[in-house]
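UniProt numbering numbers the first residue of the sequence shown as 1 and each following residue consecutively. Cβ coordinates follow ideal geometry from the N, Cα and C atoms, glycine included. What follows is a short report on a single structure.
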Amino acid sequence: MSNALAPARTLLRSVLGASAQQCRRCLSQAATAKHIRPATAPSPLQAARNQFAMQKRTKVYKSIAEQKSRYRSGPFSWKAGVLFVATAGGLMWYFEFEKERMQRKRIADATKGVGKPKVGGPFELIDQNGNAFTSEDMKGRYALVYFGFSHCPDICPDELDKMARMLDLVEEKRPGSILPIFVTCDPARDTPPVLKEYLAEFHPKFIGLTGTYDEIKAMCKKYRVYFSTPQHVKAGQDYLVDHSIYFYLMDPEGDFVEALGRQHSPSAGAKLMLDHMNDWSGASPSSSPPSTAPLTLTIRSPEPAMKASICALGGASVRATSRLRVPATSRLRVPAASTAALVTQSLLRTQSRWASNAAFRRHRDINGSSSGLPSLSRSQQPVAALRPRWLSALSAQASSTTAVPPSFAFAFDIDGVLLHVAKPIPGAREALEHLQDNNIPFILLTNGGGKHEHDRVRDLSDKLGVQLTVDNFVQSHTPFQELVRAGPDSLSDKTVLVTGSNAQKCREIAEQYGFRSVVTPADILTAHPEIWPFEPLMEEVYRATARPLPRPLHGPGVADADALTIDAMFVFNDPRDWALDVQLILDLLLSRRGILGTYSDRNGDASLPNAGWQQDGQPPLILSNSDLLWSTGYHQPRLGQGAFQEAVAAVWAKVTGGTPLRRTAFGKPSPETYRYAERVLNEHRAALLARQGRQAEASTPLRTVYMVGDNPESDIRGANEYRSKQGTNWESVLVRTGVWQADRGESAYPPTAIVDDVKAAVAWALAREQYIIDGSMGALC
Numbered sequence: 001m002s003n004a005l006a007p008a009r010t011l012l013r014s015v016l017g018a019s020a021q022q023c024r025r026c027l028s029q030a031a032t033a034k035h036i037r038p039a040t041a042p043s044p045l046q047a048a049r050n051q052f053a054m055q056k057r058t059k060v061y062k063s064i065a066e067q068k069s070r071y072r073s074g075p076f077s078w079k080a081g082v083l084f085v086a087t088a089g090g091l092m093w094y095f096e097f098e099k100e101r102m103q104r105k106r107i108a109d110a111t112k113g114v115g116k117p118k119v120g121g122p123f124e125l126i127d128q129n130g131n132a133f134t135s136e137d138m139k140g141r142y143a144l145v146y147f148g149f150s151h152c153p154d155i156c157p158d159e160l161d162k163m164a165r166m167l168d169l170v171e172e173k174r175p176g177s178i179l180p181i182f183v184t185c186d187p188a189r190d191t192p193p194v195l196k197e198y199l200a201e202f203h204p205k206f207i208g209l210t211g212t213y214d215e216i217k218a219m220c221k222k223y224r225v226y227f228s229t230p231q232h233v234k235a236g237q238d239y240l241v242d243h244s245i246y247f248y249l250m251d252p253e254g255d256f257v258e259a260l261g262r263q264h265s266p267s268a269g270a271k272l273m274l275d276h277m278n279d280w281s282g283a284s285p286s287s288s289p290p291s292t293a294p295l296t297l298t299i300r301s302p303e304p305a306m307k308a309s310i311c312a313l314g315g316a317s318v319r320a321t322s323r324l325r326v327p328a329t330s331r332l333r334v335p336a337a338s339t340a341a342l343v344t345q346s347l348l349r350t351q352s353r354w355a356s357n358a359a360f361r362r363h364r365d366i367n368g369s370s371s372g373l374p375s376l377s378r379s380q381q382p383v384a385a386l387r388p389r390w391l392s393a394l395s396a397q398a399s400s401t402t403a404v405p406p407s408f409a410f411a412f413d414i415d416g417v418l419l420h421v422a423k424p425i426p427g428a429r430e431a432l433e434h435l436q437d438n439n440i441p442f443i444l445l446t447n448g449g450g451k452h453e454h455d456r457v458r459d460l461s462d463k464l465g466v467q468l469t470v471d472n473f474v475q476s477h478t479p480f481q482e483l484v485r486a487g488p489d490s491l492s493d494k495t496v497l498v499t500g501s502n503a504q505k506c507r508e509i510a511e512q513y514g515f516r517s518v519v520t521p522a523d524i525l526t527a528h529p530e531i532w533p534f535e536p537l538m539e540e541v542y543r544a545t546a547r548p549l550p551r552p553l554h555g556p557g558v559a560d561a562d563a564l565t566i567d568a569m570f571v572f573n574d575p576r577d578w579a580l581d582v583q584l585i586l587d588l589l590l591s592r593r594g595i596l597g598t599y600s601d602r603n604g605d606a607s608l609p610n611a612g613w614q615q616d617g618q619p620p621l622i623l624s625n626s627d628l629l630w631s632t633g634y635h636q637p638r639l640g641q642g643a644f645q646e647a648v649a650a651v652w653a654k655v656t657g658g659t660p661l662r663r664t665a666f667g668k669p670s671p672e673t674y675r676y677a678e679r680v681l682n683e684h685r686a687a688l689l690a691r692q693g694r695q696a697e698a699s700t701p702l703r704t705v706y707m708v709g710d711n712p713e714s715d716i717r718g719a720n721e722y723r724s725k726q727g728t729n730w731e732s733v734l735v736r737t738g739v740w741q742a743d744r745g746e747s748a749y750p751p752t753a754i755v756d757d758v759k760a761a762v763a764w765a766l767a768r769e770q771y772i773i774d775g776s777m778g779a780l781c
């Protein structure tokens, strides 16, 4: 069988050999015979190269297990895997971050209406210190606004605790970037003193705002806050207050950004606020006025340091601002929209005129401190540059390098010194601005009244053209606030009678001070017309302003404990209806323990002190000032509250057989008023020094205070007779622009100096102190 197959095997070998030869030929570069190269041995160099390449491509494995592992894993190593995972994670994080950012941007854009925010808007309220606070004061920083009330039993305390924690978390990352604002929904009870005490328990940086019922209601409406507080409530009456529970985040332009609800934890809320702050970039280019690109000025002087003062020219001239030291070569950044003149002398003055020709006002930050530099009003500023960095830096440098603070200060009367009726006396604005610009403390000390301090300060700022604050303002009834402070003698929960030129307005002021139960003559006359059986002089006014009495008058069937009891009587300013007011005051001075409608059996008892008069717990009579005369638009002085006081005393003396009337009179020349004014002045001075980083110097008492007034009987007499417990010397300066007239003879209270006006008074005092900054008052700018 094998021999039979032998020919077949031979044939197969020949066929396979021919096929292999043909395959080798096909592997050459061409199929034709002319392209077939003869096989030659490689050169030694080529052989070495081939050997090296073979060694380079060949991987040597330590073991068979390693070689098998390599075959199983393939070319994908662990390093490539880590890189892939990191790249994928980074892309996912980026897309999620961009998604959140765009979502926040859509929310912020959606909350802005066309030309007017859907939430928020202008408002004017007062803070817990009695200072005016408006929507403009919120601009330049983020604001977190919460609406509540101090008598809230549970929700508000919890939310304010949460607000405090959010504020602390934000402050850690972005110090000073947010304003925490609490707006009361219960203005009847939440007066500035109440808010100040309440908010101090949560955080020292909280700003509490209150106002009238209508002002609060209007703000709640603008912020879309549910508001259900009743308007007319009686003292001690219980009522419900409902409000929304949201934190409203407002951006530095005053626009609403987002509402934070109870679902946000403090950490989540803080993170959300910080994210919005990081995203915010100011107004869009289309909403900004013309170019605000900075212009760099290089100042060179042969002196090692030079004093610089920047002034501005616009609708009105702004006087010299805070002085600062500039190194020998320094750069100041000022808006490019202004033109500047550079004087290379020891005193440099840069004058600017803004292209818009807008009126200037002094720039002030939200806590009332003066930056010492002029700026456009908020409505005319570039929205994205509400407080440029160069302004903050320059202000900080100015405040930290000012010369040694003065050891003297000023106290100014208003009527007849700064104003004549409603018009500024020439030189008044320049004098006040000069003191402000050079951080010389002063207060306004007036016997006027009838308005709340923040209203009066706002009016004065408008009339004088100088930005003023209530922290250095004292009017005749300002010390009344001290009588509601906590203590055994506090009158906050007592019933008091108030009167004045507008008794209803005086009642509102008293309630803002913290008095909770206030009665006016209109209330009594409306409830019991028989108490004054004559035709009322102001019947329509009485009917419109009268409130129900908290208790009925004493009479048949009304026990002493249930009858109306007056614990104190206040005269806030000059009454209008003298007859009615004198009658009610006399009734209470003769009463038994202030129960209106009773008569004390101790009256006229010779065995008692003062013959028994005012010896049976009668309410004290407290008057805000004793000015007999004051300066008005008429060419001769007119009667003031002092005349009303003398009328009451005369009637009392006639009724009691000549017994002197015991009463307390604040206002100038009362030592109590000067003592109170000195305390306010020292607090104001301490605040000025703190803003300059010189808190330690506030412990040194003032050496001299210059009282500038127009009335010898009040201004001059009070300064001459006051003896400071701190050793401060009060000097009196009499001006010729008010009550005093030289042709009426010499006063019984001679002043230290007599000058023409307030500007001359300041110049005289500065010269006396050898503190003339620019050589004279006429060279302010």
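Name the one or two DSSP bridge partners that residue i has.
i           : result
W630        : R638
Y146        : F182, F247
T499        : V571
H420        : K423
R691        : Answer is none; R691 lacks a bridge partner.
T565        : I595
V558        : G555
A259        : Y248
E124        : T134
T664        : I622
D415        : L419
residue 785 : Since the displayed the chain opens at 1 and closes at 781, residue 785 lies outside it and no answer follows.
F473        : L444
A409        : V705
F227        : H243
Leaving out the 5 sequence neighbours to the left and right, which residues in its chain are closer than 7 Å to residue i when beta-carbon positions are compared?
i    : result
Q770 : none
S267 : L169
Over the uninterrupted beta strand (DSSP E) stretch that includes residue i, give me the two end residues.
i    : result
Y706 : 704 to 709
I207 : 207 to 210
I443 : 442 to 445
Between which two residues does the alpha helix (DSSP H) containing residue i stretch?
i    : result
S461 : 453 to 464
L623 : Element bounds for L623: not the alpha helix (DSSP H) but the beta strand (DSSP E), 621 to 623.
E530 : First-last for E530: undefined, no H or E at that position.
S517 : No alpha helix (DSSP H) contains S517, which is instead part of the beta strand (DSSP E) from 517 to 519.
I585 : 578 to 589
I216 : 213 to 222
With a CB to CB cut of under 8 Å and the five nearest residues on each side skipped, what residues in its chain are close to residue i?
i    : result
G113 : Annotation note: pLDDT 42 at G113 (below 50); position unreliable, coordinate value reported separately. Nothing meets the Cβ criterion.
N129 : P192, K196, V470, D471
I443 : A409, F410, A411, F412, N472, F473, V474, A677, V680, L681, H684
H454 : I126, G130, N131, A132, V470
L464 : L418, L419, P424, A428, R429, L432
Starting from the Cα of residue i, find the closest Cα among the options and give me that residue.
i    : options                : result
T565 : K451, S591, S631       : S591
K162 : H243, R262, Y94        : R262
A132 : L460, L661, L260, C185 : L460
S492 : T499, Q481, V498       : Q481
E124 : P488, L580, T210       : T210
Q636 : H243, R744, G90        : R744
P620 : G90, S490, N439, D567  : D567
Q436 : F534, L689, P204       : L689
Got a sec? Which residues, its chain only, sit under 6 Å from residue i by beta carbon, not counting five neighbours each side?
i           : result
S600        : R592, D616
C156        : G148
L589        : Q618
R378        : Confidence is the limiting factor: at R378 the pLDDT is only 31, short of 50, which leaves the residue's position unreliable, though a coordinate-based value still follows. Taken in chain order, the residues that qualify are E136.
R576        : S501
residue 788 : Because the chain is modelled from 1 through 781, residue 788 falls outside the range shown and cannot be assessed.
Q614        : R662
N729        : T704
If we cut at 8 Å on Cβ distances, does residue i have a partner in chain C?
i    : result
D137 : You won't find chain C in this structure, because it holds only one protein chain.
Please give the ranges of any beta strand (DSSP E) in the region 723 to 764, keeping only runs that are unbroken, at least 3 residues long and fully inside the region.
729 to 735, 753 to 755
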